[in-house]
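**Student:** Sharing a structure here in structure tokens format.
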Amino acid sequence: MAFFLQMLVTGIVVGSVYALVALGFVLIYKSSDAINFAQGEFLLIGTYVCLTLVASYNVPFIAALLLALAFSALLGWSVEKVVLRPFIGKPVISMIMATIGLSSVLAGIVHIIWGHETRVYPPVFSEKPLQFGEVIIAPVYAWSFVIVMIWLVIFTLFFKYSRFGIAMRATADDQQAALSMGISVKTIFAIAWAIAAIVSAVGGVLLGNINGVNSSLSLIGLKVLPVAILGGLDSIPGAIIGGILIGIIESMTGGYLDPLVGGGLKEVIPFVILVIILMVKPYGLFGKKEIERV
Amino acid sequence: MLTLNNVEVMYNRVILVLKGMSMVIPEGKIVALLGSNGAGKTTTLKAISGLLKSEDGEVTDGYIELYGERIEGKDAEEIVKKGIFQCMEGRRVFEHLTVEENLIVGAHTRKDRHNIKADLQKVYHYFPKLHMLRHRQAGYLSGGEQQMLAIGRGMMAKPKILLLDEPSLGIAPLLVKEIFSIIKRINEEEGTTILVVEQNANIALSIAHYGYIMENGRIVMDGPVERLLENEDVKEFYLGMSEKGRKNYREVKSYKRRKRWL
């Protein structure tokens, strides 16, 4: 039982980080119908910037995190302006191809600047494990969960109440009508990319604290794609629930099945689940149903 | 206040839709723009509101002036900020947003954010039904309710000129009457200038002060509503009446009056 709970908690924590990163996919998909294959590189750059500030310049962790987020926002914003703006109004597939190209370029830049050996964050959170009944949790896990939850609450409030949050949802619904409201669709796209880069960076920093940082961390971007599709690419609650679900499944597979088959199953399971879910529910678990009045 | 002079609009650099369209919209009045399908009514509105760009259309000749300032070719957001707001054809409410959120989006360009609460109440005052439905998802509203929402959303932007594109489209006749009487009230009580594009000439002329009739991308006739209503051609082709009153179907088939303006 203790083992089960342990796996469950680990799954929820890792899953919540997936959920946050999946939010980035969802935002970009909602605003421009494209899938951003450079999400993983955003994540990598965010975590490397934070790591460099902490490790090389001795900046306090919180300040470094905020600086890294500001940098990521700027990165997302400018990537949209420079790389993707010319693709507005062009077929979605060309925008997707552009993000694939972008991901290679960013990966190359990361490689040039930071190399490829695994680096670790200096201990930021205390090492002393927290004990809840039979379950033992490392503080870094607990903190990750708290930080993710804070961000999810911030975004929920942003989309529900703020002027630009509501405008973003309106644009996702009907771009031309949004234009007729005087909403600048270009600004909305830029904000979507900035937020996508921010959530990736947060996810990257947290995972970096858990596992250490090297360029394979960008694979998380690919792993999170099933999460977003599972929840329904255009649903924010879907991304959150899908993230936690995949996290738990992954952790359970790792705990129970991997020892039987000699490992590796954990990496495959999210994609297997994705295929099964899409066969049953093509719009994902919470995908937007077209409202049709009859 | 708003003047279109000899405006030409081309789509895709080949399709000439407006061929020298001129009209004047005086401040504080309701102007009706009538015409059959494909006459270029919607294109005229989009040329004014700057929505042509997203459809690969552009004003290739002539000019559009608001208070003497040229506005053709400007971005839609800029034009909304200058006080021209278009309620697009087919209502186009944001289906997955609630009624109230839809109204708030309408006020997106407003600088005086603290007045928005009061303006919401004002919209609810004109459309009490929207108040009842304010937490409902807009996609589940009926056609008439959505049209009310679309007009209310326009009011939230506090425009000087409200452009309404076929507010009667697909709505029950009784509701159409109600909506047009509210449009008239908005014009009288808020002083909003209104340009309404309609196929339903009867209802549009019942509230308008001035009317323009459009065919094949240009204005063929205009005048104060009283004069248009007396014109035999208008009666025949737009109001479905002849000297003998309402015609029956057989007569329409056997006899067609020649349009005098062509």
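Protein sequence lines, in the order shown, are assigned to chains R and E.
The opening position of the first sequence corresponds to residue 1 in full-length UniProt numbering, with each subsequent residue numbered one higher.
The opening position of the second sequence corresponds to residue 1 in full-length UniProt numbering, with each subsequent residue numbered one higher.
Built from N, CA and C at the ideal position, the CB exists for glycine as well.
If you're wondering where the values come from, they're calculated on a predicted model, not measured in any experiment.
May I have the straight-line CA-CA distance separating residue 9/E from residue 13/R, to the nearest angstrom?
**Tutor:** One C-alpha to the other measures close to 57 Å.
**Student:** Of all the CB atoms in chain R, is at least one closer than 7 Å to the CB of residue 134/E?
**Tutor:** Not an interface residue.
**Student:** Once you ignore the five residues that flank residue 12/E on each side, which residues in its own chain have a CB closer than 7 Å to its CB?
**Tutor:** 56.
**Student:** Quick check: the Cα distance between residue 200/E and residue 198/R, rounded to an integer number of angstroms?
**Tutor:** Rounded to whole angstroms, residue 200/E to residue 198/R spans 51 Å at the Cα level.
**Student:** Buried or exposed: where does residue 244/R fall if 16 or more other Cβ atoms within 10 Å of its Cβ makes it buried?
**Tutor:** Classification for residue 244/R: buried.
**Student:** How many whole angstroms separate the CB atoms of residue 106/R and residue 221/R, which I take to be in contact at a CB cut-off of 8 Å?
**Tutor:** Not quite, the Cβ-Cβ distance comes to about 11 Å (not below 8 Å), so this is no contact.
**Student:** Quick check on the DSSP output: the beta strand (DSSP E) that includes residue 5/E runs from which residue to which?
**Tutor:** Looking at the DSSP string, the run of the beta strand (DSSP E) that includes residue 5/E is 2 to 11.
**Student:** Nearest-angstrom Cα distance between residue 150/R and residue 207/R?
**Tutor:** Taking the straight line joining both Cα atoms gives about 16 Å.
**Student:** Judging by CA-CA distance, which residue of 118/R, 204/R, 176/R and 268/R is the nearest neighbour of residue 32/R?
**Tutor:** The option with the nearest alpha carbon to residue 32/R is 176/R.
**Student:** Roughly how many angstroms separate the alpha carbons of residue 192/E and residue 7/E, rounded to a whole number?
**Tutor:** Rounded to whole angstroms, residue 192/E to residue 7/E spans 24 Å at the Cα level.
**Student:** Taking C-alpha atoms, which residue in 123/R, 166/R, 268/R and 225/R lies nearest to residue 22/R?
**Tutor:** Among 123/R, 166/R, 268/R and 225/R, the Cα nearest to that of residue 22/R belongs to 225/R.
**Student:** How is the alpha helix (DSSP H) around residue 97/R delimited, first residue to last?
**Tutor:** Element bounds for residue 97/R: 92 to 114.
**Student:** As an exercise, report each continuous alpha helix (DSSP H) stretch of at least 4 residues that is fully enclosed by the segment 17 to 66 of chain R, in chain order.
**Tutor:** For the segment 17 to 66 of chain R, whole alpha helix (DSSP H) runs of length 4 or above, ordered along the chain, are 39 to 57.
**Student:** So which residues of chain E does residue 32/R contact, with C-beta pairs closer than 8 Å?
**Tutor:** The premise fails here: residue 32/R is roughly 14 Å from chain E at the closest Cβ pair, so nothing lies under 8 Å.
**Student:** Alpha carbon to alpha carbon, what distance is there between residue 256/R and residue 1/R?
**Tutor:** Their backbone Cα atoms lie some 12 Å apart in a straight line.
**Student:** Residues of chain E with CB under 7 Å from residue 170/R, in chain order?
**Tutor:** Going along chain E in sequence order, the residues near residue 170/R (Cβ under 7 Å) are 94, 97 and 105.
**Student:** Sorted by chain position, which residues of the same chain lie with C-beta nearer than 7 Å to residue 286/E's C-beta, five sequence neighbours on each side aside?
**Tutor:** Outside the shown range of chain E (1 to 262) lies residue 286/E, about which nothing can therefore be said.
**Student:** Whether or not the segment 156 to 172 of chain E and the segment 196 to 211 of chain E are in contact is what I'm after, with contact meaning three or more pairs of Cβ atoms, one per stretch, closer than 8 Å; do they touch?
**Tutor:** As far as the Cβ criterion goes, the segment 196 to 211 of chain E touches the segment 156 to 172 of chain E, which means the pair count is three or higher.
**Student:** Let's test the definition: count the other Cβ atoms within 10 Å of the Cβ of residue 284/R and tell me whether it reaches 16, buried, or not, exposed.
**Tutor:** Residue 284/R should be labelled buried.
**Student:** Can you check whether the C-beta of residue 76/E is within less than 7 Å of a C-beta belonging to chain R?
**Tutor:** Yes, contact with chain R.
**Student:** For the alpha helix (DSSP H) holding residue 126/E, just list the boundary residues, first then last.
**Tutor:** First-last of the alpha helix (DSSP H) with residue 126/E: 116 to 126.
**Student:** Judging by CA-CA distance, which residue of 196/R, 219/R and 214/R is the nearest neighbour of residue 236/R?
**Tutor:** Among 196/R, 219/R and 214/R, the Cα nearest to that of residue 236/R is on 196/R.
**Student:** Which runs of the alpha helix (DSSP H), 4 residues or longer, sit entirely within the segment 110 to 168 of chain R?
**Tutor:** Runs found: 139 to 161.
**Student:** Along the chain, which unbroken stretches of the alpha helix (DSSP H) at least 4 residues long are found entirely within the segment 136 to 184 of chain E?
**Tutor:** Whole alpha helix (DSSP H) segments, 4+ residues: 143 to 156.
**Student:** How far does the beta strand (DSSP E) with residue 22/E in it reach, from first residue to last?
**Tutor:** Unbroken beta strand (DSSP E) run through residue 22/E: 15 to 25.
**Student:** Pairs of beta-carbons, one from the segment 164 to 180 of chain R and one from the segment 100 to 108 of chain E, closer than 8 Å: are there three or more?
**Tutor:** Result yes; three or more Cβ-Cβ pairs closer than 8 Å.
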